[in-house]
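Student: In full-length UniProt numbering, the protein residues as written are 1 to 323.
Idealized CB from N, CA, C, for every residue including glycine.
If you scroll down you'll find the structure; I have some questions about it.
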Amino acid sequence: MQPVETAFGEVSAGEMLISATRAATLKLANQREAAAPRQPVLLRGAETFDLPEALAIADPALDLTKPMKGPFKALALEWEEQAAAALELARIAGILPAFLVAPDGAGEAVHLEASDLDAFSQADTLRIASRASLPVDAAPDARIVAFRHPDDTREHVALVIGKERSDKPPLVRLHSECLTGDVLGSLKCDCGPQLDAALHAMAHEAKEGGWGVLLYMRQEGRGIGLINKLRAYRLQDQGFDTVDANTRLGLPDEARDFPTAARMLDLLGVRSIRLMTNNPAKVDALGAHGVKIDERVPHALPDNPHNARYLATKRDRAGHLLP
Numbered sequence: 001m002q003p004v005e006t007a008f009g010e011v012s013a014g015e016m017l018i019s020a021t022r023a024a025t026l027k028l029a030n031q032r033e034a035a036a037p038r039q040p041v042l043l044r045g046a047e048t049f050d051l052p053e054a055l056a057i058a059d060p061a062l063d064l065t066k067p068m069k070g071p072f073k074a075l076a077l078e079w080e081e082q083a084a085a086a087l088e089l090a091r092i093a094g095i096l097p098a099f100l101v102a103p104d105g106a107g108e109a110v111h112l113e114a115s116d117l118d119a120f121s122q123a124d125t126l127r128i129a130s131r132a133s134l135p136v137d138a139a140p141d142a143r144i145v146a147f148r149h150p151d152d153t154r155e156h157v158a159l160v161i162g163k164e165r166s167d168k169p170p171l172v173r174l175h176s177e178c179l180t181g182d183v184l185g186s187l188k189c190d191c192g193p194q195l196d197a198a199l200h201a202m203a204h205e206a207k208e209g210g211w212g213v214l215l216y217m218r219q220e221g222r223g224i225g226l227i228n229k230l231r232a233y234r235l236q237d238q239g240f241d242t243v244d245a246n247t248r249l250g251l252p253d254e255a256r257d258f259p260t261a262a263r264m265l266d267l268l269g270v271r272s273i274r275l276m277t278n279n280p281a282k283v284d285a286l287g288a289h290g291v292k293i294d295e296r297v298p299h300a301l302p303d304n305p306h307n308a309r310y311l312a313t314k315r316d317r318a319g320h321l322l323p
């Protein structure tokens, strides 16, 4: 198989593998339930798929500019385990979950087993790679700890604020990387203000004799990647909310790596925490991976005209405890 998004040259194929929710949008007769967006669907068109056509099929953000598609026929899929693994690998890579099947002109194939996916989901190989002092605006005496898997170039980091102590659980914030919000000051989300407020809350905690740990996770878009997040933004501009936008892309609304977050805390010697979050599901997810959570600390901030709908969707569809 050849990922549609990374293919180049004169590549074509008679069949494509896409997600169930993308198949539903294309109105295939045997569409699957939208609640299972990562389930695979194999399809064939009236003609072979070239790259421009395949990309238009794969990317729902292009539906308004390239509305004419099909007809398509959904085929029986006898290698569902391998197909599901391919869609998950696409999510990890941050590309569209769509593949040309047995493509012509794709070059030499690389052999992968469905079990190879396990290498990307085992948190116990995570190690501390480096430590340093890192004065930041909220806390001039902060320390940074970097973590890395031996087979993954994404480095996660923890910022430790205040004096570490075993008799008092730290105030902890699990923050997913958000280039648009954290760096560029995007108003479409609340990530930047949440990050800043968390650091200042931890600095205040340190002044009162406590301490804090910010886990900065390299999982843009809650695990779907930067480009796919921008595709979701484009769909939101077309009227879909953040949950439906991810679903139409064939991607989960929640794909954060909680086992890695739990492993980071374990490597830091943190045994129990006070977790800053408005999301009860995050409490449950970390707890399921062995993190003892003594308290959920609310972390709600005011909305603005650009993110009000986004926050309302978090509250009404994802269960966040927001006003």
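If we count the other Cβ atoms within 10 Å of its Cβ and call it buried at 16 or more, is Ala35 buried or exposed?
Tutor: Low local confidence applies: a pLDDT of 41 at Ala35 is under 50, so the model's placement there is unreliable, and no value is given.
Student: Which of the three DSSP states is assigned to Asp151 in this structure?
Tutor: coil
Student: Per DSSP, what kind of secondary structure is Lys69 in: helix, strand or coil?
Tutor: coil
Student: Am I right that Leu215 and Ala261 are in contact with their C-beta atoms under 8 Å? What's the rounded C-beta distance?
Tutor: Contact flag correct, Cβ pair sits at about 5 Å.
Student: Nearest-angstrom Cα distance between Pro302 and Ala201?
Tutor: Cα to Cα, Pro302 sits roughly 16 Å from Ala201.
Student: If we ignore side chains and look at the alpha-carbon of each, how far apart do Phe147 and Asp63 end up?
Tutor: The straight-line gap from Cα to Cα measures roughly 40 Å.
Student: I think Val172 touches Leu89, with their Cβ atoms under 8 Å apart; what is that distance to the nearest whole Å?
Tutor: That belief does not hold up - the Cβ atoms of Val172 and Leu89 are roughly 30 Å apart, past 8 Å.
Student: Within the same chain, show all residues whose beta-carbon is closer than 6 Å to that of Ala106, passing over the 5 residues directly before and after it, in chain order.
Tutor: Close CB contacts of Ala106 within its chain, under the 6 Å cut and outside five residues either way in sequence, are with Gln2 and Val11 (chain order).
Student: Go through its chain and collect everything with a Cβ distance to Ile92's Cβ below 8 Å, but skip five positions before and after it.
Tutor: Sequence-distant Cβ neighbours of Ile92 in its own chain, meaning closer than 8 Å and more than five residues away, are Phe120.
Student: Kindly identify the DSSP beta-bridge partner or partners of Pro3.
Tutor: Phe99
Student: Count Cβ pairs between the stretch 246-266 and the stretch 186-203 that sit closer than 8 Å; are there 3 or more?
Tutor: no
Student: May I have the straight-line CA-CA distance separating Gly290 from Lys73, to the nearest angstrom?
Tutor: 45 Å
Student: Could you tell me if Phe8 is buried or exposed, where buried requires 16 or more neighbouring beta carbons within 10 angstroms of its beta carbon?
Tutor: exposed
Student: Opposite Val145 in the DSSP bridges: which residues?
Tutor: Arg131 and Ala158
Student: Please say whether Val297 and Val213 have beta carbons closer to each other than 8 Å?
Tutor: The beta carbons of Val213 and Val297 sit no closer together than 8 Å.
Student: So Ala259 and Leu321 are in contact, right, with Cβ under 8 Å, and what is the actual spacing, rounded?
Tutor: Sequence inspection shows Pro at residue 259; the Ala mentioned does not correspond to that position. Not really, about 24 Å apart at Cβ, beyond 8 Å.
Student: Give me the Cα-Cα distance between Leu126 and Met264, rounded to the nearest whole angstrom.
Tutor: The C-alpha of Met264 is placed about 8 Å away from the C-alpha of Leu126.
Student: So what does DSSP say about Leu174, is it helix, strand or coil?
Tutor: strand
Student: The alpha helix (DSSP H) with Gly221 in it runs from where to where?
Tutor: Glu220 to Gly223
Student: First and last residue of the alpha helix (DSSP H) that includes Ala312?
Tutor: Per DSSP, Ala312 belongs to the alpha helix (DSSP H) from Ala308 to Ala318.
Student: Of the residues Ala86, Phe99, Ala138 and Pro135, which one's Cα is nearest the Cα of Asp116?
Tutor: Ala86
Student: So, for Arg248: in the same chain, excluding its five sequence neighbours on each side, which residues have a beta-carbon less than 8 Å away from its beta-carbon?
Tutor: Thr21, Arg22, Thr25, Pro60, Leu235 and Phe240
Student: Using a threshold of 8 Å, state whether the C-beta atoms of Val270 and Pro170 are closer than that.
Tutor: yes
Student: Look at the Cβ atom of Ile18, then the Cβ atom of Gly250, and state whether they are nearer than 8 Å.
Tutor: Result yes, Cβ atoms of Ile18 and Gly250 sit closer than 8 Å.
Student: Which residues in the same chain as Asp182 place their Cβ atom closer than 7 Å to its Cβ, once the five residues preceding and following it in sequence are excluded?
Tutor: Cys191, Gly192 and Leu195
Student: Are Val101 and Ala13 closer than 8 Å when you measure CB to CB?
Tutor: yes
Student: CA-CA distance, Arg143 and Arg44?
Tutor: In this structure, the alpha-carbon of Arg143 lies about 54 Å from that of Arg44.
Student: Unbroken alpha helix (DSSP H) runs of length 4 or more, entirely within the stretch 168-252: which are they?
Tutor: Restricted to the stretch 168-252, the alpha helix (DSSP H) segments that are unbroken, complete and at least 4 residues in length are 191-207, 220-223, 226-237 and 242-248, listed in chain order.
Student: Whose C-beta lies closer than 6 Å to the C-beta of Leu174 among residues of the same chain, with five residues either side of it excluded?
Tutor: Leu215 and Ala261
Student: Please report the straight-line C-alpha distance between Thr313 and Asp104, rounded to a whole angstrom.
Tutor: Straight-line Cα distance between these residues: approximately 43 Å.
Student: By DSSP, does Ala34 sit in helix, in strand, or in coil?
Tutor: Here the model assigns Ala34 a pLDDT of 39, short of 50, so the residue's position is not dependable, and the following value carries that caveat. Note: Ala34 maps to coil in three-state DSSP.
Student: Please classify Arg231 as buried or exposed, where buried requires at least 16 other C-beta atoms within 10 Å of its C-beta.
Tutor: buried
Student: Check for me: the beta strand (DSSP E) holding Lys292 runs from which residue to which?
Tutor: Element bounds for Lys292: Lys292 to Val297.
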